[in-house]
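For reference, the structure is listed below as structure tokens.
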Amino acid sequence: MNLSKKLYILSFGCQMNKLDSALVSSALIQAGFILTESVKDADVVLINTCSVREHAEQRVISHLGHLKHIKKSRPDMIVGVIGCMAQRLGDKLLEHEAVNIVCGPAQIPQLAELITKAVNEKKKELAVTENIRRSAKENEHGALEDFESAYSSEDEIIPSQAYVRIMRGCNNFCTYCIVPYVRGPEVSRPPDTILEQIRKLADSGVKQVTLLGQTVNSYKYYKDERTWSLADLLIAASQISGIEWLKFVTSYPSEEFFDDIMHAMASSPKICKYLHMPAQSGSDKILKAMNRNYTASMYLELLDRARSIVTGIAIAGDFIVGFPDETEEDFQATVDLVQKAKYRNAFIFKYSPRPGTTAEKRWLDTVPDDIKQKRNAALLDVQEKISDKLSMEFIGNVEKVLVEGLSKKPHLNSKDSDNNPQLVGCTGTDYIVVFNGPVSLAGQFANVKITRTSPLTLFGELV
Ligand code: SF4
Numbered sequence: 033m034n035l036s037k038k039l040y041i042l043s044f045g046c047q048m049n050k051l052d053s054a055l056v057s058s059a060l061i062q063a064g065f066i067l068t069e070s071v072k073d074a075d076v077v078l079i080n081t082c083s084v085r086e087h088a089e090q091r092v093i094s095h096l097g098h099l100k101h102i103k104k105s106r107p108d109m110i111v112g113v114i115g116c117m118a119q120r121l122g123d124k125l126l127e128h129e130a131v132n133i134v135c136g137p138a139q140i141p142q143l144a145e146l147i148t149k150a151v152n153e154k155k156k157e158l159a160v161t162e163n164i165r166r167s168a169k170e171n172e173h174g175a176l177e178d179f180e181s182a183y184s185s186e187d188e189i190i191p192s193q194a195y196v197r198i199m200r201g202c203n204n205f206c207t208y209c210i211v212p213y214v215r216g217p218e219v220s221r222p223p224d225t226i227l228e229q230i231r232k233l234a235d236s237g238v239k240q241v242t243l244l245g246q247t248v249n250s251y252k253y254y255k256d257e258r259t260w261s262l263a264d265l266l267i268a269a270s271q272i273s274g275i276e277w278l279k280f281v282t283s284y285p286s287e288e289f290f291d292d293i294m295h296a297m298a299s300s301p302k303i304c305k306y307l308h309m310p311a312q313s314g315s316d317k318i319l320k321a322m323n324r325n326y327t328a329s330m331y332l333e334l335l336d337r338a339r340s341i342v343t344g345i346a347i348a349g350d351f352i353v354g355f356p357d358e359t360e361e362d363f364q365a366t367v368d369l370v371q372k373a374k375y376r377n378a379f380i381f382k383y384s385p386r387p388g389t390t391a392e393k394r395w396l397d398t399v400p401d402d403i404k405q406k407r408n409a410a411l412l413d414v415q416e417k418i419s420d421k422l423s424m425e426f427i428g429n430v431e432k433v434l435v436e437g438l439s440k441k442p443h444l445n446s447k448d449s450d451n452n453p454q455l456v457g458c459t460g461t462d463y464i465v466v467f468n469g470p471v472s473l474a475g476q477f478a479n480v481k482i483t484r485t486s487p488l489t490l491f492g493e494l495v
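To convert, take the position in the sequence shown, counting from 1, and add 32; that gives the working numbering.
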């Protein structure tokens, strides 16, 4: 098929969504599309949506309003909504005047065909999973596997890096979360396929691969009378020639395979010493209401174990503040956990009820927004002081950095005496490093001596 049309993709949400967008754009380019950066030029506009927070959905609706306006002068423009919001709202979204195609995450392999049909038959196209909690049919799995393997490629923006999904869906049903209702049941991908995909990426010059899963540490695949865990996968991937760094996100606080994964990390310099493991709250009452199957002390015990097995591990956490009925005392328990956890970084979100989740059905959104805002700022403040202190410990160290390219912060864009621009890179422990150097270093490893720090960024000089 050669459609020779201009394609514009806008992506919201997590890394999983960004990966879907990358696969879709790679597939459509092979089908003859040309990417454009201007929505006004586009023949086809795809919005890859996120349903995790209300705000992300509101932004999509406002973009659709804008597209409706553009379509008045360009009625042939095709607008497709893909991703979690497409699966959540299905035909309701198709009723929007601007929308031609609604396509769920499991149907992305059909997109080229859906676009062709929308163009030729001039009618709206809907492709979503009817019963999302029923395991996907064999043919759907096969199509997703083929799609993933065929179009997996280096990150479009960051050279030498790639993301590889190792599992889909989630079975945890945290009461606030929409993911199990839009991404379906947890399914681990076959290790052979994943390793083959990583081998191909390495052959094309990729040095760092990040393995993705909603609960990546629960990866489990039965094959030839043995169970493959994330630890097995990491070890096997670390033996692929050309792969220098392996990362994985996001981990769920669970005992299962935890020590194995930490031992794998300790044993191989290629498995980066970085663990992103959301706690969400430090209050046992709130954790229970969230259906997170651990207590604050169990969580902290896992962090202790991680640190005792992996020297120098950097840990990041996520938190939700203002969950229904979160009292000041509950919030203080969260502050207490953050102080004990000594995260290198924490991502903090205000609770927003998601339609269809247990929390939305069971409880009112009782914490007023100004209190959520106050708790959010207070927790950020606590974390910032911890991050600042931890960052300062790097001063004088020489850090290995995978260089991403030019720094995008104009205020940092000074040049050094050799007239080198400011570059940005990342350490194995996920610290952002800013330094001056030649642009040709993008996609290469460099050693940087750290001279100055801020809570989340290290600044230094190329060694
Ligand atoms: S583990 Fe919980 S928060 Fe994470 S995707 Fe699954 S249900 Fe959502």
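Ideal Cβ placement from N, Cα and C applies to all residues, glycine included.
Collapsed DSSP secondary structure at residue i in the structure displayed
{"i": "Phe-355", "result": "coil"}
{"i": "Asp-264", "result": "helix"}
{"i": "Phe-290", "result": "helix"}
{"i": "Ile-197", "result": "Residue identity check: residue 197 is Arg in the sequence provided, not Ile. Arg-197: strand per DSSP, three-state reduction."}
{"i": "Lys-382", "result": "strand"}
{"i": "Phe-363", "result": "helix"}
{"i": "Gly-97", "result": "helix"}
{"i": "Ser-270", "result": "helix"}
{"i": "Ile-418", "result": "helix"}
{"i": "Arg-484", "result": "strand"}
{"i": "Ala-328", "result": "helix"}
{"i": "Ala-259", "result": "The identity of residue 259 in the sequence shown is Thr, whereas the question assumes Ala. Strand, per DSSP."}
{"i": "Ala-478", "result": "strand"}
{"i": "Lys-155", "result": "coil"}
{"i": "Leu-143", "result": "helix"}
{"i": "Phe-280", "result": "strand"}
{"i": "Ser-313", "result": "coil"}
{"i": "Leu-35", "result": "The predicted position of Leu-35 is uncertain, since its pLDDT is 49 and thus under 50; a value taken from the coordinates is nonetheless stated next. If DSSP states are grouped into helix, strand and coil, Leu-35 belongs with coil."}
Residue i: CB within 6 Å of a non-hydrogen atom of the ligand SF4
{"i": "Cys-46", "result": "no"}
{"i": "Pro-141", "result": "no"}
{"i": "Asn-575", "result": "Residue 575 lies beyond the range of the chain shown here (33 to 495); nothing can be said about it."}
{"i": "Cys-209", "result": "yes"}
{"i": "Thr-390", "result": "no"}
{"i": "Gln-246", "result": "yes"}
{"i": "Pro-217", "result": "no"}
{"i": "Tyr-383", "result": "no"}
{"i": "Asn-204", "result": "yes"}
{"i": "Tyr-284", "result": "yes"}
{"i": "Pro-387", "result": "no"}
{"i": "Pro-212", "result": "yes"}
C-alpha gap between residue i and residue j, whole angstroms
{"i": "Pro-141", "j": "Phe-65", "result": "15 Å"}
{"i": "Ser-57", "j": "Lys-320", "result": "41 Å"}
{"i": "Ala-409", "j": "Asp-362", "result": "16 Å"}
{"i": "Met-33", "j": "Ala-63", "result": "For Met-33, the pLDDT reaches just 48, beneath the cut-off of 50, and the residue's location in the model is therefore unreliable, leaving the point undetermined."}
{"i": "Ser-192", "j": "Ser-273", "result": "14 Å"}
{"i": "Asp-462", "j": "Glu-153", "result": "48 Å"}
{"i": "Ala-59", "j": "Trp-277", "result": "26 Å"}
{"i": "Asp-397", "j": "Gly-492", "result": "45 Å"}
{"i": "Ile-147", "j": "Val-113", "result": "11 Å"}
{"i": "Val-370", "j": "Val-414", "result": "8 Å"}
{"i": "Ser-340", "j": "Pro-310", "result": "19 Å"}
{"i": "Ser-181", "j": "Leu-434", "result": "25 Å"}
{"i": "Leu-35", "j": "Ala-130", "result": "Summary for Leu-35: the model assigns pLDDT 49, below 50, so the residue's position carries little reliability, and this model does not support an answer."}
{"i": "Ser-423", "j": "Leu-490", "result": "7 Å"}
{"i": "Glu-392", "j": "Ile-210", "result": "10 Å"}
{"i": "Glu-89", "j": "Lys-382", "result": "15 Å"}
{"i": "Arg-376", "j": "Val-465", "result": "14 Å"}
{"i": "Asp-187", "j": "Val-219", "result": "24 Å"}
{"i": "Val-214", "j": "Val-480", "result": "42 Å"}
Residue from the options with nearest C-alpha to residue i
{"i": "Ile-102", "options": "Glu-129, Thr-148, Lys-72, Val-113", "result": "Lys-72"}
{"i": "Val-111", "options": "Gln-371, Leu-369, Val-134", "result": "Val-134"}
{"i": "Asn-249", "options": "Leu-278, Ile-293, Ile-272, Ser-270", "result": "Ile-293"}
{"i": "Asp-123", "options": "Ala-144, Arg-106, Glu-157", "result": "Glu-157"}
{"i": "Gly-314", "options": "Ile-230, Met-330, Ser-300", "result": "Met-330"}
{"i": "Ala-74", "options": "Ile-210, Ala-391, Asp-108", "result": "Asp-108"}
{"i": "Arg-231", "options": "Ser-184, Arg-407, Asn-451, Gln-246", "result": "Ser-184"}
{"i": "Ala-196", "options": "Val-77, Ala-298, Ala-175, Asp-52", "result": "Just to set this straight, residue 196 is Val in the shown sequence, not Ala. The candidate whose alpha carbon is nearest that of Val-196 is Asp-52."}
{"i": "Trp-395", "options": "Glu-180, Phe-355, Val-160", "result": "Phe-355"}
{"i": "Gly-97", "options": "Ala-54, Ile-79, Met-297, Val-84", "result": "Ile-79"}
{"i": "Asn-452", "options": "Thr-459, Asp-178, Gly-460, Ser-439", "result": "Ser-439"}
{"i": "Ala-234", "options": "Phe-280, Pro-285, Ala-269", "result": "Ala-269"}
{"i": "Lys-406", "options": "Ile-380, Leu-244, Ser-419, Cys-82", "result": "Ile-380"}
{"i": "Thr-483", "options": "Gly-460, Thr-359, Ile-427", "result": "Ile-427"}
{"i": "Ala-175", "options": "Phe-280, Ala-144, Asn-377, Gln-139", "result": "Gln-139"}
{"i": "Leu-125", "options": "Val-160, Lys-104, Pro-400, Ala-144", "result": "Val-160"}
{"i": "Ala-378", "options": "Leu-411, Arg-386, Asp-368, Lys-404", "result": "Leu-411"}
{"i": "Leu-39", "options": "Gly-344, Leu-455, Glu-69", "result": "Glu-69"}
CB contact below 7 Å: residue i versus chain C
{"i": "Lys-441", "result": "Absent here is chain C; the protein component of the structure consists of one chain."}
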